[in-house]
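Peer 1:
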Amino acid sequence: MHSEVVMKLLDNINTPQDIKHLDKDELNILCGELREYVIESVSKTGGHLASNLGVVELTVALHRVFNTPDDKIVWDVGHQTYIHKILTGRKNEMPTLRQFNGLSGFPKRSESIYDVFDTGHSSTSLSAAIGMARARDLKKENYEIVAVIGDGALTGGMALEALNDAGRSNTKLLIILNDNEMSISKNVGGLSRYLSRIRTTKGYLSTKKDVEKLLNKTVVGGKIKSFLKRAKDGIKQIVVPGMLFEELGLTYMGPVDGHNIYEIIENLEIAKNIDGPLIMHVITKKGKGYKFAEERPNEFHGVSSFNIETGERLKKSSQTFSNFFGIKMCEIAEKNENVAAITAAMTDGTGLTDFAKKFPRRIYDAGIAEQHAVTMAAGLAVSGIVPVVAIYSSFLQRAYDQVIHDVALQNLHVVFAIDRAGLVGDDGETHQGVFDEGFLSLIPNMTVLSPADYREFGNMLEFAVSSDGPVAIRYPRGSMNGNINNSTHEIILGKGFIAEEGQDITIAAAGRMVKTALEVREILKTENIDSEVINLRFIKPFDKELIIKSVNKTKALVIIDEAPVYSSYGMNICKIIPKDVDVLLKTLPDEFIKQGSIEELLKENKLDADSIAADIIKWRRK
Numbered sequence: 001m002h003s004e005v006v007m008k009l010l011d012n013i014n015t016p017q018d019i020k021h022l023d024k025d026e027l028n029i030l031c032g033e034l035r036e037y038v039i040e041s042v043s044k045t046g047g048h049l050a051s052n053l054g055v056v057e058l059t060v061a062l063h064r065v066f067n068t069p070d071d072k073i074v075w076d077v078g079h080q081t082y083i084h085k086i087l088t089g090r091k092n093e094m095p096t097l098r099q100f101n102g103l104s105g106f107p108k109r110s111e112s113i114y115d116v117f118d119t120g121h122s123s124t125s126l127s128a129a130i131g132m133a134r135a136r137d138l139k140k141e142n143y144e145i146v147a148v149i150g151d152g153a154l155t156g157g158m159a160l161e162a163l164n165d166a167g168r169s170n171t172k173l174l175i176i177l178n179d180n181e182m183s184i185s186k187n188v189g190g191l192s193r194y195l196s197r198i199r200t201t202k203g204y205l206s207t208k209k210d211v212e213k214l215l216n217k218t219v220v221g222g223k224i225k226s227f228l229k230r231a232k233d234g235i236k237q238i239v240v241p242g243m244l245f246e247e248l249g250l251t252y253m254g255p256v257d258g259h260n261i262y263e264i265i266e267n268l269e270i271a272k273n274i275d276g277p278l279i280m281h282v283i284t285k286k287g288k289g290y291k292f293a294e295e296r297p298n299e300f301h302g303v304s305s306f307n308i309e310t311g312e313r314l315k316k317s318s319q320t321f322s323n324f325f326g327i328k329m330c331e332i333a334e335k336n337e338n339v340a341a342i343t344a345a346m347t348d349g350t351g352l353t354d355f356a357k358k359f360p361r362r363i364y365d366a367g368i369a370e371q372h373a374v375t376m377a378a379g380l381a382v383s384g385i386v387p388v389v390a391i392y393s394s395f396l397q398r399a400y401d402q403v404i405h406d407v408a409l410q411n412l413h414v415v416f417a418i419d420r421a422g423l424v425g426d427d428g429e430t431h432q433g434v435f436d437e438g439f440l441s442l443i444p445n446m447t448v449l450s451p452a453d454y455r456e457f458g459n460m461l462e463f464a465v466s467s468d469g470p471v472a473i474r475y476p477r478g479s480m481n482g483n484i485n486n487s488t489h490e491i492i493l494g495k496g497f498i499a500e501e502g503q504d505i506t507i508a509a510a511g512r513m514v515k516t517a518l519e520v521r522e523i524l525k526t527e528n529i530d531s532e533v534i535n536l537r538f539i540k541p542f543d544k545e546l547i548i549k550s551v552n553k554t555k556a557l558v559i560i561d562e563a564p565v566y567s568s569y570g571m572n573i574c575k576i577i578p579k580d581v582d583v584l585l586k587t588l589p590d591e592f593i594k595q596g597s598i599e600e601l602l603k604e605n606k607l608d609a610d611s612i613a614a615d616i617i618k619w620r621r622k
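What the sequence shown shows, in my numbering, is residues 1 to 622, in sequence order.
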């Protein structure tokens with residue numbers, strides 16, 4: 001697709017300054033070239049396509065009107081910043097997007113002066129932007145702060161808290177509400193419905209002025225005046241769009257056509273000259289300009305490499321833990337009418353699409369509101385329902401207080417199905433699910449399991465649903481081949497089992513690392529080291545009796561865990577090991593793990609089978 005002829009403008013764009021001299025026709029041509037280039041790039045690297053295609057005109061307009069990097073643009077979530085990266089000098093690095101040691105799929109301050117705040121999770125931009133605006137005012141500096149947030153992210157509690165604060169502050173701040181009517185799953189809730197009512201309303205500023213002029217012509221006194229004041233407010237809320245934001249203290253502007261570059265630029269120029277906090281409502285279409293992404297925005301939210309002509313993925317997907325979870329949940333729900341599912345705007349991502357079709361009254365999508373999702377689960381549990389909260393590990397972090405205060409403190413029977421546990425890969429530091437086993441294990445009443453294969457996962461779900469108290473099952477992203485020896489054993493609270501017997505050393509692991517431990521065992525055989533492999537199953541409570549029995553025989557213990565050292569279950573196991581037993585703890589380092597494929601990251605951090613085996617051999621020879 002890319003050629004010098006087609007990319008006649010984009011080839012000469014290296015900084016935002018290069019777009020400021022373009023005329024209106026050239027701006028439209030540039031937007032077309034940007035779409036083509038992003039489609040081409042992402043078709044090779046994978047990434048977030050639909051969201052980026054939706055903000056082409058908006059991104060160009062922002063860099064046209066504002067003087068970046070002096071003026072600051074804060075992107076919520078940040079997966080929609082590919083156009084921003086291309087316009088700010090990183091065009092030639094796009095082939096490395098989301099690759100090991102390559103360009104990040106999200107804003108990173110260490111990557112560019114144009115990236116002013118690291119993001120990756122939703123609903124953070126407004127709080128960050130308010131902080132930056134207040135710092136600007138304290139230091140008596142003069143530049144603009146712009147926060148770009150989607151309509152899905154706006155439903156997050158943190159964003160609503162920030163809106164309330166911004167409205168009270170009178171701090172000069174421009175909020176761009178990028179309204180594409182979609183998050184990863186279809187938007188839900190009252191705010192979504194409110195936005196849908198005003199999307200088609202035009203001419204807000206003039207409408208507001210006309211309505212207020214008309215209403216203010218009525219001059220009376222006393223009680224009648226008070227009544228009419230309330231009536232006026234009610235009429236304005238019906239007639240004038242954006243009154244919710246006005247009531248919070250923000251000036252509302254819009255809706256603006258997010259694919260009309262001239263209209264966006266015109267409105268941004270107006271917005272620059274309005275003091276105080278202002279929200280500009282921009283209507284965009286996810287996947288704009290690419291047929292398949294427009295038709296299937298969910299599917300093209302995050303994609304692997306694909307064929308541009310057909311829209312088909314080049315890598316055929318196999319059964320994944322997420323898919324298996326959805327299938328098993330349907331089986332369990334068929335047998336137990338009290339089982340319900342909860343998701344935070346991730347029905348598709350967590351594998352619950354079929355469950356939603358079969359049991360529409362027993363699934364609750366909380367939207368991008370993880371805290372609410374967890375406490376709602378507590379409310380269901382206290383009323384006799386068994387809620388299964390399907391959530392990504394890195395997003396569960398946002399609801400830690402609710403897990404402690406609303407679920408565990410009351411010892412409520414809530415099941416946490418923690419998807420993307422462990423290394424996630426290409427999305428990098430913000431999405432690695434490596435902290436949950438540590439922070440969940442700290443909580444009284446909490447049970448934590450990790451399956452080594454699909455059949456063990458299915459049995460663990462059955463166990464969790466029929467148990468008492470809070471139970472968390474953490475499972476990895478992606479698929480696995482084959483089954484672990486003896487994994488058909490009954491799931492008994494706090495009990496693991498020996499996957500392979502041995503005499504020389506004990507290797508203990510849980511989840512995905514059990515397969516790695518078995519691979520290590522095979523390598524060690526070539527060095528005449530006979531390893532006993534324990535599948536822990538339970539991270540909390542772990543099987544002390546089984547571990548002690550094994551290490552009393554081997555006098556050597558290797559613990560393998562795909563978690564940072566201070567979050568590792570290995571630290572707890574080490575506390576109960578006899579002093580005459582040598583221990584080698586293999587974990588991730590105490591640092592945030594960068595992007596790359598899972599295989600590359602495991603090798604980089606010496607948690608692949610070859611590296612672990614090499615370390616064991618070296619350790620044994622000391």
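Even for Gly, the Cβ is constructed at its ideal location relative to N, Cα and C. Note that this is a predicted model, so its numbers are computed, not measured.
On the CB-based measure, 16 or more other CB atoms within 10 Å of its CB, does PHE592 come out buried or exposed?
Peer 2: When all chains shown are included, PHE592 counts as exposed.
Peer 1: Quick one: residues in its chain with C-beta nearer than 6 Å to the C-beta of GLN80, no 5 flanking neighbours on either side, listed in chain order?
Peer 2: Hits under 6 Å: SER51, ASN52 and VAL55.
Peer 1: Enumerated in chain order, which unbroken segments of the alpha helix (DSSP H) with a length of 4 residues or greater are wholly contained in the segment 307-391?
Peer 2: With a minimum length of 4 residues, the continuous alpha helix (DSSP H) runs that stay inside the segment 307-391 are 321-335, 353-358 and 370-382.
Peer 1: Can you give me the C-alpha to C-alpha distance between ILE175 and ARG455, rounded to a whole angstrom?
Peer 2: If you take the alpha carbons of ILE175 and ARG455, they lie about 48 Å apart.
Peer 1: By alpha-carbon positions, which one of MET446, ASN28 and ARG35 ends up nearest to LYS288?
Peer 2: Comparing Cα-Cα distances from LYS288 to each of MET446, ASN28 and ARG35, the minimum goes to ARG35.
Peer 1: Checking 8 Å against the spacing of the C-beta atoms, do ASN340 and MET329 come in under that value?
Peer 2: The sequence shown places Ala at residue 340, rather than the Asn named in the question. No, these two residues do not count as a Cβ contact at 8 Å.
Peer 1: Which first and last residues belong to the alpha helix (DSSP H) in which TYR37 is found?
Peer 2: First-last of the alpha helix (DSSP H) with TYR37: 24-45.
Peer 1: Taking ILE505 and VAL558 to be in contact with their CB atoms under 8 Å, please state how far apart those CB atoms are, rounded to whole angstroms.
Peer 2: The Cβ separation is near 6 Å, so the contact holds.
Peer 1: Candidates VAL282, ILE265 and HIS259: which alpha carbon is nearest GLY150's?
Peer 2: Selected option, being the one with the closest Cα: VAL282.
Peer 1: Exposed or buried, what is TYR262 when buried is set at 16 or more other beta-carbons lying within 10 Å of its beta-carbon?
Peer 2: Exposed is the call here.
Peer 1: Mind the definition here: the segment 135-155 touches the segment 100-110 only if three or more C-beta pairs lie below 8 Å; say whether that holds.
Peer 2: In short, these stretches do not touch, since the Cβ pair count stays below three.
Peer 1: Going by beta carbon distance, what residues of the same chain come within less than 6 Å of ASN486, once the five residues before and after it are set aside?
Peer 2: Excluding residues within five positions, the ones whose Cβ falls inside 6 Å are PHE497 and ALA499.
Peer 1: In the DSSP assignment, the beta strand (DSSP E) including GLY157 goes from what residue to what residue?
Peer 2: Here GLY157 belongs to no beta strand (DSSP E); instead the alpha helix (DSSP H) covers 157-169.
Peer 1: Taking the C-alpha atoms as reference points, what is the distance between GLN319 and GLY349?
Peer 2: Rounded to the nearest angstrom, the two C-alpha atoms are 14 Å apart.
Peer 1: Using the three-state DSSP reduction, which class does SER127 fall into: helix, strand or coil?
Peer 2: It is helical.
Peer 1: Can you tell which of SER322, LEU173 and ASN14 has its C-alpha closest to the C-alpha of MET632?
Peer 2: A query on residue 632 cannot be resolved here, the shown segment of the chain reaching from 1 to 622 and no further.
Peer 1: Would you kindly work out how many angstroms separate the C-alpha atoms of THR200 and PRO255, rounded to a whole number?
Peer 2: For THR200, the predicted structure reports a pLDDT of 45, less than 50, and the residue's modelled location is therefore unreliable. The matter cannot be settled from this model.
Peer 1: Are ALA166 and ASP76 touching if we call contact CB-CB under 8 Å?
Peer 2: Taking 8 Å as the Cβ cut-off, ALA166 and ASP76 do not qualify as a contacting pair.
Peer 1: Any idea if ASP426 is buried or exposed, counting beta-carbon neighbours within 10 angstroms, 16 or more meaning buried?
Peer 2: Buried, since its Cβ has 16 or more Cβ neighbours within 10 Å.
Peer 1: In the segment 458-488, which residue ranges form an unbroken beta strand (DSSP E) of at least 3 residues, counting only runs that do not cross its ends?
Peer 2: Correct list: 471-474.
Peer 1: Drop a sphere of 10 angstroms on the beta-carbon of GLU405, count the other beta-carbons inside from all chains shown, and report buried for 16 or more, exposed for fewer.
Peer 2: The residue you asked about is not Glu; residue 405 is His in the sequence shown. Exposed, by the Cβ-count rule.
Peer 1: Could you tell me the distance, in whole angstroms, from the CA atom of GLU299 to the CA atom of ARG98?
Peer 2: Looking at the two C-alpha atoms, the distance is approximately 18 Å.
Peer 1: Less than 8 Å between the beta carbons of ALA135 and ALA147, yes or no?
Peer 2: Going by C-beta atoms, ALA135 is not nearer than 8 Å to ALA147.
Peer 1: Mind the definition here: the segment 532-541 touches the segment 507-517 only if three or more C-beta pairs lie below 8 Å; say whether that holds.
Peer 2: Flag = yes, the segment 532-541 and the segment 507-517 touch.
Peer 1: Let me know the secondary structure DSSP gives HIS2 once reduced to three states.
Peer 2: Because the pLDDT of HIS2 is 44, which lies under 50, any placement of that residue in the model is unreliable, and the number read from its coordinates should be weighed accordingly. It is coil, neither helix nor strand.
Peer 1: Nearest to LYS316 by CA position, among ASN67, SER305, ASN273 and LYS24, is which residue?
Peer 2: Selected option, being the one with the closest Cα: SER305.
Peer 1: If we count the other Cβ atoms within 10 Å of its Cβ and call it buried at 16 or more, is SER466 buried or exposed?
Peer 2: Its Cβ having fewer than 16 others within 10 Å, SER466 is exposed.
Peer 1: If we count the other Cβ atoms within 10 Å of its Cβ and call it buried at 16 or more, is ILE638 buried or exposed?
Peer 2: Residue 638 lies beyond the residue range present for the chain, which begins at 1 and ends at 622; the question has no answer from this structure.
Peer 1: Closest by CA to LEU58, which one among LEU30, LYS44, LEU409 and ALA399?
Peer 2: Closest by alpha carbon: LEU30.
Peer 1: Can ILE492 and PHE542 be called in contact, C-beta distance under 8 Å?
Peer 2: In this structure, PHE542 does not lie closer than 8 Å to ILE492 by Cβ.
Peer 1: Using C-beta distances below 7 Å, list every residue in its chain close to ASN28, excluding the 5 sequence neighbours before and after it, in chain order.
Peer 2: Once the five neighbours on either side are set aside, the close Cβ partners of ASN28 are ILE261.
Peer 1: For PRO69, tell me which candidate among GLU93, PHE117 and PHE321 has the shortest Cα-Cα distance.
Peer 2: Among GLU93, PHE117 and PHE321, the Cα nearest to that of PRO69 belongs to PHE117.
Peer 1: In terms of residue numbering, what span does the alpha helix (DSSP H) encompassing THR554 cover?
Peer 2: That run of the alpha helix (DSSP H) goes 544-554.
Peer 1: Determine the direct distance from the alpha carbon of TYR400 to that of GLU246, and round the result to whole angstroms.
Peer 2: Computed Cα separation, rounded: 33 Å.
Peer 1: In the DSSP assignment, what residue or residues form a beta bridge with TYR143?
Peer 2: In the DSSP output, where bridge partners are listed per residue, TYR143 has none listed.
Peer 1: Thinking just about the alpha-carbon of each residue, which of ASP468, GLN503 and THR516 is nearest to the one in ILE484?
Peer 2: Looking at the Cα atoms, THR516 is the closest of the given residues.
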